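So for the sequence shown, this note's numbering puts the first residue at 137; every next one is plus one.
Right, one structure below, let's go through it.
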Amino acid sequence: MNTTLSSRATNKTQALVINALFVALTLVATMFINLKLPIAGNGGLIHLGNVPLFIAAFVFGRRTGAIAGAFGMGMFDLISGWTIWAPFTFIIVGAMGYVAGLIGEKVPGKRAIVYSIAVIAALLIKIVGYYFAEVVLYGNWIAPFGSIPGNVLQVVFAGLVVVPLVARIKKRIL
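See below:
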């Protein structure tokens, strides 16, 4: 038996399972732990889907973060009545997970500070990405400003939850 081949197959299987788990966790946290905001044109949605997204990105890396965000929140949009948002969400939240994971992997320094920087980068991607998505969908340059507070709230809350926990999670998992 070739142990290299066996090890490689095990690693691929493990990666597939971890990615699927975080897609499911992101979907569930977005779908069942949310609050629709009664502000602005479309109101916006506050959810906890960013918590498993950031855990995936910081513990398992940029690829898992991107997959969890893109597919988990993209599927939420497809099955929950926000279907028109799905392509935008796939790209925006996938980019959030990728960039957060990339910063977490590559930037040296105290981990809490690095993860905080990663959360801020993800927040900027979310704000800018969804602003332009709303401009495209609604044809209005002013109305999208109403969604910014909800986007800020959900990412900042996720960061406040995840950043202190990631070091402990990494010790137990890895």
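A virtual CB, placed ideally from N, CA and C, is assigned to each residue, including glycine.
Nothing here was measured: the structure is a model prediction, and the numbers come from that model.
field: Three-pair Cβ contact test at 8 angstroms for the stretch 254-269 versus the stretch 277-291
entry: They touch, by the three-pair rule.
Member of Ile309, Leu189 and Ser143 whose CA lies at the smallest distance from the CA of Val164: Checking every option, the nearest Cα to that of Val164 belongs to Leu189.
query: So Ile182 is in the beta strand (DSSP E); what residue range does that whole segment cover?
result: Per DSSP, the continuous beta strand (DSSP E) segment holding Ile182 begins and ends at Leu181 to His183.
query: What does DSSP give as the partner residues of Asn171 in its beta bridges?
result: Note that residue 171 corresponds to Leu in the displayed sequence, not to Asn. For Leu171, the pairing in a beta bridge is given by DSSP as Ile182.
Proximity to Ile191 [Cα-Cα], best of Asn276, Met232 and Gly275: Ranking Asn276, Met232 and Gly275 by Cα distance to Ile191 puts Met232 first.
- prompt: Can you name, in chain order, every residue of its own chain whose Cβ lies under 8 angstroms from the Cβ of Ile309, other than the five neighbours on each side?
  reply: The answer, listed in chain order, is Val195.
field: Rounded separation between Pro223 and Glu270 - CA only
entry: Roughly 12 angstroms between the two C-alpha positions.
- prompt: Quick one, are the C-beta atoms of Gly185 and Ala193 less than 7 angstroms apart?
  reply: Taking 7 angstroms as the cut-off, the Cβ atoms of Gly185 and Ala193 do not count as close.
field: Buried or exposed (CB count within 10 angstroms, at least 16 for buried), Gly217
entry: Counting Cβ neighbours within 10 Å, Gly217 comes out exposed, since fewer than 16 surround it.
query: Of the choices Asp213, Gly240 and Ile239, whose alpha-carbon is the least far from that of Ile227?
result: When each option's Cα is compared against that of Ile227, the closest is Asp213.
Alpha carbon of Met137 to alpha carbon of Gly295, nearest angstrom: Any reading at Met137 is ruled out, since the residue's pLDDT is 44, under 50, leaving its predicted position unreliable.
- request: Please report how far the alpha carbon of Ala145 lies from the alpha carbon of Asn155, in whole angstroms.
  value: Approximately 15 angstroms between the Cα atoms of the pair.
message: Going by beta-carbon coordinates alone, are Phe158 and Ala206 separated by less than 7 angstroms?
response: For the 7 angstroms CB-CB criterion, Phe158 and Ala206 do not form a contact.
- request: State the start and end residues of the unbroken alpha helix (DSSP H) segment that holds Pro285.
  value: Counting along the chain, the unbroken alpha helix (DSSP H) around Pro285 starts and ends at Ile284 to Ile309.
message: Rounded to the nearest angstrom, what separates Arg247 and Arg304 at their Cα positions?
response: One Cα belongs to Arg247, the other to Arg304, and the distance between them is close to 12 angstroms.
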